[in-house]
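If you read the sequence shown in this note's numbering, its first letter stands for residue 62, the second for the next number, and so on.
Note sheet for the following structure.
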Amino acid sequence: MTHHTGASRVTVAALLVLTVLQLEWSDVATGAGSSTAAVPAASTLLAAVLLARVSCFETRLLAVVVCGAQVAGVVLALVAGLPGGSRQALDAQAVEGLVLPAVALVLLAVDRRTRRTAAPVAGVLSPYAR
62 MTHHTGASRV TVAALLVLTV LQLEWSDVAT GAGSSTAAVP AASTLLAAVL
112 LARVSCFETR LLAVVVCGAQ VAGVVLALVA GLPGGSRQAL DAQAVEGLVL
162 PAVALVLLAV DRRTRRTAAP VAGVLSPYAR
């Protein structure tokens, strides 16, 4: 377990904002949406909570997987359409769905570089800092 960096803390905030937006997009609160649409929100919330609690390799990996799945889903919806539906137009929701995970991925990369260039303990860099 390692200390938190500024980039990891901002990543947690970006993931929490993405969670709120995913819940809004799923319409679960109004009862009109599908509970399956809330699954990405639950996984994003889990990644944010775990990253806020312990900033280790595994939690950062979970955040990368969640953000990658979000980007892949939005790109799939824009290019070919989701299963059983038509292509989605490039609107504010799609832009938010692409930008927030991309920002989180960039922040995780900055976090990785910050950890790698941090002062090594006993002259040895952690193999997880690469």
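Glycine included, C-beta positions come from ideal geometry on N, C-alpha and C.
Going by beta-carbon coordinates alone, are residue i and residue j separated by less than 8 Å?
i: R114; j: L169; result: no
i: L143; j: L112; result: no
i: V125; j: L79; result: no
i: S116; j: H65; result: yes
i: V171; j: A103; result: no
Once DSSP output is grouped into helix, strand and coil, what is the label at residue i?
i: V116; result: For clarity, residue 116 is Ser in the given sequence; the question names Val instead. Three-state result, S116: strand.
i: P144; result: coil
i: Q131; result: helix
i: A99; result: helix
i: D172; result: helix
i: G92; result: coil
i: Q149; result: coil
i: T105; result: helix
What residue from the options has the CA that sits closest to residue i's CA?
i: T149; options: T175, S69, R177 and L139; result: For the record, residue 149 in the displayed sequence is Gln; it is not Thr. Q149 has its Cα closest to that of L139, out of T175, S69, R177 and L139.
i: T105; options: G145, E157, V73 and A153; result: V73
i: V132; options: A103, A155 and F118; result: A155
i: A153; options: A141, V164, G145 and V135; result: V135
On the premise that residue j lies in contact with residue i, defined as a C-beta separation below 8 Å, what is that separation, rounded to the nearest angstrom?
i: V127; j: A141; result: With a Cβ gap of about 22 Å, V127 and A141 do not count as contacting.
Item to complete: Answer yes if the stretch 69-85 comes into contact with the stretch 95-105, meaning at least three C-beta pairs across the two stretches below 8 Å, and no otherwise.
Response: Because the criterion of three Cβ pairs below 8 Å is met, the stretch 95-105 and the stretch 69-85 touch.
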